[in-house]
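Reminder that position 186 of the sequence shown reads as 186 in UniProt numbering, one-by-one numbering, no gaps.
For every residue, glycine included, the Cβ atom is placed at its ideal position computed from N, Cα and C.
Read the structure below first, then the notes.
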Amino acid sequence: MIKAKLPIASLLIGTFFILATSSILCLSKSAHADGTESLGSPSIPIAAGTGIRAAGIGLENHLSGTITITIPDAVTVEQVILYWGGNNHDHSQLTLTDTINVEGADVTGNFIGGDTWYANGKITVSYRADITSLGLVTSGTSSFTVNGVYFPDETYGAGVLVIYDDGSAESQVDIRDGNDFAMIDWPIPLDATELQTFNFTASNADRIGSVELFVGSVYSSYFRPSSFEITTGGTTAVFSDQLNSNDGKFWDTVNLVVTIPAGATSLSAQIFSRDDGIFAPGNLPASLVWMASGFSVETPSPDSCWITTGGFQNAGKSSGTKDYTFGGNVGPPPRGSWEVVDHNTGDNFHSNEVHIVSCDVINLTGPGQPGGKKGFKINQASFEGVGRLNHKDGYIFTGYVQDAGEPHGKKGNDQDFFSITVRDPGTLEIVFEASATLDGGNVQIHPPTGKYKK
């Protein structure tokens, strides 16, 4: 159940499980682990790409299983990373490598986290191998077998994270992995998983991201609650009771498609052993292990917008003589015109060589571009160019405008704003400047049109 409103386009789920019966614990300090009781950055190179996808299979009840994964058609597979794990009975059973058979080929993986004793005879471990070179995953739907995995207490299963490239602008791709156990009321740090935060460059428009999880939850004769949270843009979505060995005992795969709001610079994920009171209120929450998480988000394309504007500033008055009048347009092609007149000094600045420098989203109380293109939230545009001051050519200038909404004076709206600074090209000394909120007129920032659309 989603308890908060985060724009999630789709949710696909699966899982693996660890049963805890005692509060006895021991944390191994292996230097080979990528993450123990907290996922970490992989110790292998991670390929660039435009998207990421996950799939897995539970292996507790079967000697072998088939992983089936679907990625978009007509893409190039850049990297395929295989994860698997289970429970040993004793620390002496830990090996720094483990072997799994993948479609008939033996693959050796490295220990990446765990050796954590969380209950009598239950010591959780995780392994990873890059199997890109096997060529088992291609565009569309691919299937391959995995077998030969054995752990003395429990065998969770196996799953792959696939990074692909569809030929569009490169996305930011990030992976965290290791072994992070959680059971409610267990001694710290086993009571909860660690929050994972993925940082990225902000965009001026909403965009699509994806989150992938390999996580375990208890599968038993009765349902045991669990929960995970995804937070971005200041909004948290809570997913209750989604984990229940959905890929077969004891493995779950989660694939989320999320909308990253304009201006957001991070997304965080965390998994909990807790009862949200949704599916089976009062049942003992699941013990679980988080083994890996993938994240991707579209990289912002170069900002694009254009400006039409005209208005005046008059010390807060909408009538009478004016302090400044100004007007012009900038873009959408890299040209435009701009004029500002200071009626107190008589200074006049005019340019026919002005272009957009950046288009940004800032915190304004009013709407940025009312009634305009859906999802277009740009409300500040910066520009620069060369012009003439008092009929003398060659001056350089910078400026910006803010489109806080209209109609002017509507309750809740900020006022539109303009600013310009003109400098001597030789000394860079400021020779003219003007900035003020508008007392009349309008600033309008537009999305790109025609051939200038992204």
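- With fewer than 16 other Cβ atoms from the protein chains shown falling within 10 Å of its own Cβ, HIS91 counts as exposed.
- Taking C-beta atoms under 8 Å as the contact rule, ILE356 and PHE383 qualify, at a distance of about 6 Å.
- Scanning its chain for C-beta atoms nearer than 6 Å, with the 5 sequence neighbours on each side dropped, one finds around SER337 the residues GLY328, ASN352, in chain order.
- With fewer than 16 other Cβ atoms from the protein chains shown falling within 10 Å of its own Cβ, ILE188 counts as exposed.
- It is roughly 8 Å from the alpha-carbon of GLN196 to the alpha-carbon of LEU39.
- Excluding residues up to 5 positions away in sequence, TYR324, ALA434 lie with their Cβ nearer than 7 Å to the Cβ of ASP342 in the same chain.
- Cβ-Cβ distances below 7 Å link ASN390 to ASP347, ASN348 in the same chain, with the five nearest sequence neighbours on each side left out; the list follows chain order.
- Cβ atoms of ASN179 and GLY113 come within 8 Å of each other, at about 3 Å.
- Straight-line spacing of the CA atoms in GLY159 and ILE175 works out to 14 Å.
- With contacts defined as CB atoms closer than 8 Å, ALA264 and ALA202 qualify as a contacting pair.
- In this structure the stretch 240-252 does not touch the stretch 165-172; the number of beta carbon pairs closer than 8 Å is below three.
- When rounded, the separation of the alpha-carbon atoms in THR308 and ILE163 is 42 Å.
- Residue ranges of uninterrupted alpha helix (DSSP H) with 4 or more members are absent from the stretch 126-196; none lies entirely inside it.
- In chain order, PHE228 place their CB closer than 6 Å to the CB of PHE239, counting only its own chain and leaving out the 5 sequence neighbours on each side.
- The Cβ-Cβ distance between THR253 and ALA55 falls below 8 Å.
- Contiguous alpha helix (DSSP H) elements confined to the stretch 372-440 do not occur, taking only those with 4 or more residues.
- Contact annotation, PHE200 with PHE279: C-beta distance approximately 33 Å; criterion of less than 8 Å not satisfied.
- Straight through space, the alpha carbons of VAL297 and ALA404 are spaced by roughly 28 Å.
- Taking 8 Å as the cut-off, the beta carbon of ILE69 is found closer than this to the beta carbon of VAL137.
- For the pair CYS305 and VAL422, the Cα-to-Cα distance works out to about 23 Å.
- The alpha-carbon separation between SER293 and GLY387 amounts to approximately 53 Å.
- Where GLN79 is concerned, the enclosing beta strand (DSSP E) starts and stops at 76-88.
- Under a 10 Å Cβ-count criterion, GLY277 is classified as exposed, with fewer than 16 other Cβ atoms of the shown protein chains found around its own Cβ.
- With contacts defined by Cβ atoms closer than 8 Å, TYR127 and PHE250 do not form a contacting pair.
- For the options THR141, ASP153, GLY109, the alpha carbon positioned closest to that of GLY121 is the one of ASP153.
- By the neighbour-count definition (other C-beta atoms within 10 Å, threshold 16), ASN344 is an exposed residue.
- The C-beta of ASN61 has fewer than 16 other C-beta atoms within 10 Å across all chains shown, which makes the residue exposed.
- A residue is called buried once 16 or more other Cβ atoms fall within 10 Å of its Cβ, and ILE131 is buried on that count.
- For GLU212, the uninterrupted beta strand (DSSP E) run begins and ends at 207-215, by DSSP.
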